[in-house]
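Asker:
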Amino acid sequence: MTTSTTGIPLAPEPTAAAPRRATRRPGIGTVLRWEVAKLVAQARSRYALLVCLLAPIVIVLVFNGQQQTPSDTIYGRQIHTSGYAAPLFILAFGSQWIFPMLAALVAGDIFASEDHHGTWKTILTRSVTRSQIFWGKALTATLFTVLSLVVLAASTIGSSLLIIGTQPLVGLGGQLIPSGSALGLVLASWGTALAPQIGFTALSLLLSVKTRNPAAGVAVPVALSLVMQLVGTLGGIDLTRKFLLTTPLDSWHGLLAEHPFYGPLTFGLAVSVGWTAVCLAFAYFSLRRSDITGG
Amino acid sequence: MIRTRLLVRGLVLAAAVAAVAASTAAGTPDITRTRVEQALAPTFANLYVQQAAILGIPGITVSGIDASAACDRGGPKVADVGPGTDWICMVSFNDDNHQLQIGKFEVQIRADSTYVAGGPSKIIGLATITDKKTQQDVPNPVFEFDGTLNPDQP
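Structure follows, in structure tokens:
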């Protein structure tokens, strides 16, 4: 309660504030709070985060105990010689399909589950608008994507450094990178995955709205990412390749060159922003205009 | 209503196909002979210095090695651009005994501009070498190595 300088409670204020609070309409914040509460209660999202936390530790332990190196993925050859190589190897491997799947896991389900459970009418009769529900749900899915990437990165980098060690890293130009700057480069490399991951989240949101089917909302973005990955391995389509959403996931390579280059990184950022904007716009207008009668 | 929606979808699809076709036609290759040569030679030199350090050979520097590469893809009939497992690079350098060596490296280049290069063990040694300080077998850094081309350079 507010008090005046003399210590006497200011009587009119609470009575004036109370009715104002009662009439204030709920906004995106309310939707966000409810969506987060639903997510926390959901077994799938909790287990996904738990896997993000524990799987890297197991993977690093298993690879560390083996003589062979997974040398067909970049930095696989070096995983025994430096604790900074293993996180880069897992980053390269994870971006093949694990990252898109993490982005789709919540985003692909968040709109379609309302269709699945027939609960659109229930939430739309509350005093929030469709736009507020859209942005609240989109924000929740993005938060989950960011959180899963952060947990995965922290667990991978932490367990690699603890289990394998902090030996200097050999860069992609053959240069020896001392331990201190290697950590910064590894963190930055993982950071570059953030923009394409948000792009995949937006793509999954669009498919979630469009298909109205939770299974399709999660599976189709993963399948699309595999198709893009496959198209990206073809030669002779270098310009097309640059516009795929999977290409920015490779842009960290430039950071580890002897003379770092940032062209693919900046272009990849623009491509990710473009995909995000287009997917969100289509999803938004699709939801605004969609005919919700069932349920 | 349904007809207009179908029309819009058809137009969007056609535009997407046209965009892909146009970008394919307009694109310049990311992977070129010059970029491969300029990436491979300094990377090899850096790694050769590390090998010398493991073997305990003094006085080996990047400038002393003076590595250069001449690359070709798939013989004279294939254009020297694009990803593939059929890139061959002749790397010339001064070895530990300051003798000029020319080694044939097989280079596999991926579409993302990264590559794996492997050289002849007669010149660069076996897959594992013995660390002079610890007397333990360690991987030979130049036996097979990852690297990246720089798509920003001409």
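Protein chains in written order, with our numbering: chain A, 143 to 437; chain B, 435 to 588. Note that the Cβ used here is the ideal one computed from N, Cα and C, for glycine as well.
(1) Compare the C-alpha of D546/B against each of I379/A, G236/A and I299/A and name the closest.
(2) Judging by CA-CA distance, which residue of V182/A, K180/A, G260/A and I305/A is the nearest neighbour of A228/A?
(3) Hey, is G516/B's beta-carbon within less than 9 angstroms of any beta-carbon in chain A?
(4) Closer than 9 angstroms, CB to CB, is P573/B near chain A or not?
(5) Which of the three DSSP states is assigned to R507/B in this structure?
(6) Return yes when the Cβ of L429/A is within less than 9 angstroms of the Cβ of F351/A, no when it is not.
(7) For V512/B, which of helix, strand or coil comes out of DSSP?
(8) DSSP three-state call for K538/B: helix, strand or coil?
(9) Taking the alpha helix (DSSP H) that D251/A falls in, what are its first and last residues?
(10) Just tell me which of T282/A, I275/A, Q339/A and G374/A has its CA closest to the CA of Y426/A.
(11) If the cut is a Cβ gap below 8 angstroms, which residues of chain A does Q484/B touch?
(12) Thinking C-alpha only, which one of L391/A, L398/A, S346/A and H258/A is nearest L318/A?
(13) Enumerate in chain order the residues of its own chain whose CB-to-CB distance from Y226/A is below 6 angstroms, with the five nearest sequence positions on each side excluded.
(14) So A249/A packs on T343/A, CB below 8 angstroms; how close in whole Å?
(15) Quick one: Cα of L285/A to Cα of V178/A, how far?
(16) Quick one: grab the DSSP three-state call for V204/A.
(17) Does any CB atom of chain B fall closer than 9 angstroms to the CB of E400/A?
(18) Select from the stretch 214-234 of chain A all residues with a C-beta closer than 7 angstroms to any C-beta belonging to chain B, and list them in chain order.
(19) Quick test of your reading: M524/B and A504/B, contact by CB under 8 angstroms. State the CB separation rounded to the nearest angstrom.
(20) Report all residues from its chain with a CB closer than 8 angstroms to the CB of L196/A; omit the five preceding and five following residues, and keep chain order.
(21) Using the Cα positions of L192/A and S290/A, report the straight-line distance between them to the nearest angstrom.
(22) Please name the residue, chosen from L314/A, L303/A, L294/A and G333/A, that lies closest to F403/A on a Cα-to-Cα basis.
(23) I want to verify the contact list: residues of chain A whose CB lies under 8 angstroms from the CB of V512/B, in sequence order.
(24) Quick check on S187/A: does DSSP put it in helix, strand or coil?
(25) Count the other C-beta atoms from every protein chain shown that fall within 10 angstroms of the C-beta of H259/A, then say buried if there are 16 or more, exposed otherwise.
(26) Does the separation of the CB atoms of A361/A and A185/A fall below 9 angstroms?
(27) Could you say if the stretch 252-272 of chain A and the stretch 363-374 of chain A meet the contact criterion of at least three C-beta pairs nearer than 8 angstroms?
(28) If I'm right that I201/A touches I232/A with Cβ under 8 angstroms, what's the distance once you round it to whole angstroms?
(29) Reducing DSSP to helix, strand and coil, say where I319/A ends up.
Answerer: The structure says:
(1) Position 112 of the second sequence holds residue 546/B. Ranking I379/A, G236/A and I299/A by Cα distance to D546/B puts I379/A first.
(2) Within the first sequence, numbered from 1, the residue matching residue 228/A stands at position 86. Looking from the CA of A228/A, the closest CA among V182/A, K180/A, G260/A and I305/A belongs to I305/A.
(3) Stepping through the second sequence from its first residue, residue 516/B is reached at position 82. Chain A, which has a Cβ nearer than 9 angstroms to the Cβ of G516/B, makes this yes.
(4) Walking along the second sequence from the start, residue 573/B turns up at place 139. It does: the Cβ of P573/B has a partner Cβ on chain A nearer than 9 angstroms.
(5) To locate residue 507/B, count along the second sequence from 1; it is residue 73. When secondary structure is reduced to three states using DSSP, R507/B falls in the strand class.
(6) On the first sequence, position 209 is the one that residue 351/A refers to. On the first sequence, position 287 is the one that residue 429/A refers to. Note on identity: in this sequence residue 351/A is Val, with Phe being the wrong assignment. A contact, by the Cβ cut-off of 9 angstroms.
(7) For this step, residue 512/B is matched to residue 78 along the second sequence. In this structure, V512/B counts as coil in the three-state DSSP scheme.
(8) Reading the second sequence from its first residue, position 104 is the one you call residue 538/B. Of the three classes helix, strand and coil, the one that applies to K538/B here is strand, per DSSP.
(9) For the purposes of this step, residue 251/A is taken as the residue at position 109 of the first sequence. Following the DSSP letters along the chain, one finds D251/A inside the alpha helix (DSSP H) bounded by residues A227 to I252.
(10) By one-based count along the first sequence, residue 426/A stands at place 284. Nearest of T282/A, I275/A, Q339/A and G374/A to Y426/A, Cα basis: I275/A.
(11) The sequence position of residue 484/B within the second sequence is 50, counting from 1. Simply V312, G316 and L318.
(12) As a working mapping, residue 318/A is identified with position 176 in the first sequence. Residue L398/A is the option with its Cα nearest to L318/A.
(13) Reading the first sequence from its first residue, position 84 is the one you call residue 226/A. Only L311, A324 and V328 meet the Cβ criterion.
(14) Start at 1 with the first residue of the first sequence, and residue 249/A comes out as number 107. Start at 1 with the first residue of the first sequence, and residue 343/A comes out as number 201. That belief holds up - the Cβ atoms of A249/A and T343/A are roughly 5 angstroms apart, short of 8 angstroms.
(15) Position 143 of the first sequence, counting from 1, holds the residue named residue 285/A. Position 36 of the first sequence, counting from 1, holds the residue named residue 178/A. For L285/A and V178/A, the distance between alpha carbons rounds to 9 angstroms.
(16) In the first sequence, residue 204/A corresponds to position 62, counting from 1. Helix at V204/A.
(17) Residue mapping note: residue 400/A aligns to position 258 of the first sequence, counting from 1. For E400/A, the answer is yes, since a Cβ of chain B falls inside 9 angstroms of its Cβ.
(18) Here the close residues are I216, Y217, R219 and T223.
(19) Here the question's residue 524/B lines up with position 90 in the second sequence. Here the question's residue 504/B lines up with position 70 in the second sequence. Right, the Cβ-Cβ distance comes to about 5 angstroms (below 8 angstroms), so this counts as a contact.
(20) For the purposes of this step, residue 196/A is identified with residue 54 of the first sequence, where counting begins at 1. These residues qualify, in order along the chain: S297.
(21) The residue given as residue 192/A occupies position 50 in the first sequence. The residue given as residue 290/A occupies position 148 in the first sequence. Each residue's alpha carbon lies about 9 angstroms from the other.
(22) For this step, residue 403/A is matched to residue 261 along the first sequence. Of the candidates L314/A, L303/A, L294/A and G333/A, the residue whose Cα lies closest to the Cα of F403/A is L314/A.
(23) Numbered from its first residue, the second sequence carries residue 512/B at position 78. The contacting residues do not exist; V512/B stays about 11 angstroms from chain A at best.
(24) Counted from its first residue, the first sequence places residue 187/A at position 45. In the three-state scheme derived from DSSP, where H, G and I count as helix and E and B as strand, S187/A is classed as helix.
(25) The sequence position of residue 259/A within the first sequence is 117, counting from 1. Around the beta carbon of H259/A, a 10 Å sphere encloses fewer than 16 other beta carbons of the protein chains shown; the residue is thus reported as exposed.
(26) As a first step, residue 361/A must be located in the first sequence, where it is residue number 219. As a first step, residue 185/A must be located in the first sequence, where it is residue number 43. No.
(27) Judged by Cβ distances under 8 angstroms, the stretch 252-272 of chain A makes no contact with the stretch 363-374 of chain A, as fewer than three pairs qualify.
(28) Counting from 1 along the first sequence, the entry for residue 201/A is found at position 59. Counting from 1 along the first sequence, the entry for residue 232/A is found at position 90. Indeed they touch by this definition, with Cβ atoms about 7 angstroms apart.
(29) Here residue 319/A refers to the residue found at position 177 when the first sequence is read from its first residue. I319/A: strand per DSSP, three-state reduction.
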